[in-house]
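Visitor: Residue 19 is where the sequence shown starts when you use this note's numbering, and the numbers rise one by one after that.
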Amino acid sequence: MTVVTLGVHIVDVLARPVESIPAGQDTHLLEQIRVTAAGAAAATAVDLAALGVPVASVGAIGDDELGDLLLVMMGRRGVDVTGIVRKRGEQTAASILPIRPDGGRPSFHVPGANLGLSTADVARETVLGARVVHLGGMDATWGLYDPAFYALLDEARAAGTIVTMDLLSNMPDLMQGVRAFLPHVDYLLPNEEQALLMSGAADVEEAARSLLALLPEGTSAVLVTLGADGSLIADAEGLTRVPALDVPVVDTTGCGDAYCAGFVAGLVDGRDVAGAARLGTAVAARVAGGLGSDAGLDGARELRDEK
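1. Go to Q194, then tell me how far its alpha helix (DSSP H) extends in each direction, as first and last residue.
2. If distances are taken between C-alpha atoms only, which option among F281, E223 and G154 comes closest to G256?
3. Kindly indicate which three-state DSSP category H326 falls into: helix, strand or coil?
4. Are R52 and P116 closer than 9 Å when you measure CB to CB?
5. Is the beta carbon of S75 closer than 9 Å to that of G101?
6. Kindly provide the ranges of any alpha helix (DSSP H) runs that are 4 or more residues long and lie completely inside the segment 213-271, ordered along the chain.
7. Taking Cβ to Cβ, would you say A111 is nearer than 9 Å to A138?
8. What are the uninterrupted segments assigned as beta strand (DSSP E) that are 3 or more residues long and contained completely in the segment 121-171, given in chain order?
9. With distances taken Cα to Cα, identify the nearest neighbour of T258 among L153, A294, C278 and A220.
10. Can you tell which of A276, D269, G155 and A213 has its C-alpha closest to the C-alpha of A252?
11. Could you work out which residue in V97, L135, P119 and M216 is closest to R104 when comparing CA atoms only?
12. Are the CB atoms of M183 and G154 within a distance shorter than 9 Å?
13. Would a C-beta distance cut-off of 9 Å place T16 and A56 closer than the cut-off?
14. Is it buried or exposed, D338, if we count other Cβ atoms within 10 angstroms and call 16 or more buried?
15. Report yes if the C-beta distance between Q109 and G77 is below 9 Å; otherwise report no.
16. With hydrogens ignored, establish whether the beta-carbon of S187 is closer than 8 Å to any heavy atom of the ligand SAH.
17. Can you list, in chain order, the residues of its chain with a C-beta nearer than 7 Å to that of D247? Leave out the 5 residues immediately preceding and following it.
18. Keeping to the same chain, check which residues put their C-beta closer than 8 Å to that of G307; ignore five residues upstream and five downstream.
19. Taking 9 Å as the cut-off, decide whether the C-beta atoms of T23 and T62 are in contact.
20. Please go through the segment 276-308 and give each complete alpha helix (DSSP H) segment of 4 or more residues, from N-terminal end onward.
21. What distance in whole Å lies between the Cβ atoms of V301 and A239, which are believed to be in contact at a cut-off of 8 Å?
22. Tell me, which residues are paired with M183 by DSSP?
23. Closer than 8 Å is the cut-off here; do at least three beta carbon pairs connect the segment 167-179 with the segment 80-90?
24. For the beta strand (DSSP E) holding G77, just list the boundary residues, first then last.
25. With a threshold of 7 Å on Cβ separation, who are the neighbours of C273 within its own chain once the five nearest residues in sequence on each side are excluded?
26. I'd like to check one pair, L200 with R123: are the Cβ atoms closer than 9 Å?
27. If you run the structure through DSSP and keep just helix, strand and coil, what is R104?
28. Identify, in the order they occur along the chain, each residue of the same chain with its Cβ nearer than 6 Å to the Cβ of A276, setting aside the five sequence neighbours on each side.
29. Below 8 Å on the Cβ atoms is my guess for L233 versus L69; work out the distance and round it to an integer in Å.
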């Protein structure tokens, strides 16, 4: 498989536009409700498939109806889901997201089976056979804080696999813990808040430089997503700003995952880091224009042909 996304899998239920939670038993009529495959591994996999990149996803879900639904949604979109394990008696991770008129997305979340994903659930040959392994949400997959898993990543990297990593939460304790993965990762893709929490830096440029120093020497880079301000790349050449595209925003859910998918697709296509970041920016802009982490990606393959 060209790309393996490994980590967090979530079912999202999204509704828009929501200005307030109704009091008592009141009902508010909405424009749209959707259910999507989400999470830093699942959403990135779905977006990669939309971009035409062969992708398999690895993670843990429950043995419940939500898990059934997640597998159907991902499989229907072209993702190989044979590496997703089902945990008996556990719930599949899920979120309810009432999307505000400005695109903001407060959430109600159950972590579910993601917390139980372990090295034993990850097929060694799947990781070693990938051109790119994308780690999605390692801050929420505590069972992978394991020297055996780090060794597997190092073995894959030594054989030529590229390892990228995105995060899920903004919890300070988790941001510090996930630093253990950095010596085993080529490209780190946090958002601004995560970068500041991980580094303890005073500003995003200092944070990017600080985190870059923790990655393996070579072609490594840190790409910090900045929302409407685009993204910031820190690599051996210095700091580079990549502007966001000016698009109407419906929902910001999954924009970071879309950026990661575009970036990974750019690496697969042989783009340099800045070129891959521009593709990530274009994919994220598509997703921001609709509801859910896979919105707006019909015809997305054409983005890979644009330079």
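Beta carbons: idealized from backbone N, C-alpha and C, even for Gly.
Guide: Considering the structure as presented:
1. As a position in the sequence shown, residue 194 is number 176, starting the count at 1. Element bounds for Q194: P190 to G195.
2. Position 238 of the sequence shown, counted from the first residue, corresponds to residue 256. Among F281, E223 and G154, the Cα nearest to that of G256 belongs to E223.
3. Nothing can be reported for residue 326: it is not among the residues displayed for the chain, which extend from 19 to 325.
4. For the purposes of this step, residue 52 is identified with residue 34 of the sequence shown, where counting begins at 1. For the purposes of this step, residue 116 is identified with residue 98 of the sequence shown, where counting begins at 1. Contact: no.
5. Mapped onto the sequence shown, residue 101 falls at position 83. Mapped onto the sequence shown, residue 75 falls at position 57. Yes, Cβ-Cβ distance for G101 and S75 is below 9 Å.
6. 222-230
7. Reading the sequence shown from its first residue, position 93 is the one you call residue 111. Reading the sequence shown from its first residue, position 120 is the one you call residue 138. No; because the gap between Cβ atoms is not below 9 Å, this pair is not in contact.
8. 126-128 and 150-154
9. On the sequence shown, residue 258 is found 240 positions in, with the first residue counted as 1. For the residues L153, A294, C278 and A220, the minimum Cα distance to T258 belongs to A294.
10. Counted from its first residue, the sequence shown places residue 252 at position 234. Ranking A276, D269, G155 and A213 by Cα distance to A252 puts A213 first.
11. Taking the sequence shown and counting its residues from 1, one reaches residue 104 at position 86. The candidate whose alpha carbon is nearest that of R104 is L135.
12. The residue you call residue 154 lines up with position 136 of the sequence shown. The residue you call residue 183 lines up with position 165 of the sequence shown. Result yes, Cβ atoms of G154 and M183 sit closer than 9 Å.
13. Nothing can be reported for residue 16: it is not among the residues displayed for the chain, which extend from 19 to 325.
14. Residue coverage of the chain in this structure runs from 19 to 325, which leaves residue 338 outside it and unanswerable.
15. Residue mapping note: residue 109 aligns to position 91 of the sequence shown, counting from 1. Residue mapping note: residue 77 aligns to position 59 of the sequence shown, counting from 1. No, the Cβ-Cβ distance between Q109 and G77 is not below 9 Å.
16. The ligand SAH is absent from the structure shown, which contains no ligands of any kind.
17. Here residue 247 refers to the residue found at position 229 when the sequence shown is read from its first residue. So the list reads A262, once near-sequence residues are dropped.
18. By 1-based counting over the sequence shown, the position of residue 307 is 289. Closer than 8 Å at the Cβ level, and outside the excluded window around G307, lie V265, P266, V267, V268, A313 and G314.
19. The residue labelled residue 23 in the question sits at position 5 within the sequence shown. The residue labelled residue 62 in the question sits at position 44 within the sequence shown. For T23 and T62, yes; Cβs fall inside 9 Å.
20. 291-306
21. Residue numbering aside, residue 239 sits at position 221 when the sequence shown is read from its first letter. Residue numbering aside, residue 301 sits at position 283 when the sequence shown is read from its first letter. Not a contact, Cβ separation roughly 18 Å.
22. Position 165 of the sequence shown, counted from the start, is the residue given in the question as residue 183. DSSP, once it has assigned bridges, lists L153 and L206 as partnering M183.
23. no
24. Locating residue 77 in the sequence shown gives position 59, where the first residue counts as 1. Per DSSP, G77 belongs to the beta strand (DSSP E) from V73 to G80.
25. Indexing the sequence shown from 1 puts residue 273 at position 255. Counting only Cβ-Cβ distances below 7 Å, and skipping sequence neighbours, we find A302, V305 and A306.
26. Residue 123 sits at position 105 when you count from the first residue of the sequence shown. Residue 200 sits at position 182 when you count from the first residue of the sequence shown. No, these two residues do not count as a Cβ contact at 9 Å.
27. The sequence position of residue 104 within the sequence shown is 86, counting from 1. If DSSP states are grouped into helix, strand and coil, R104 belongs with the strands.
28. Against the sequence shown, residue 276 aligns to sequence position 258. Excluding positions up to five away in sequence, the list reads D65, V301, A302 and V305.
29. By one-based count along the sequence shown, residue 233 stands at place 215. By one-based count along the sequence shown, residue 69 stands at place 51. Their Cβ separation, rounded to whole angstroms, is 25 Å, which puts L233 and L69 out of contact at 8 Å.
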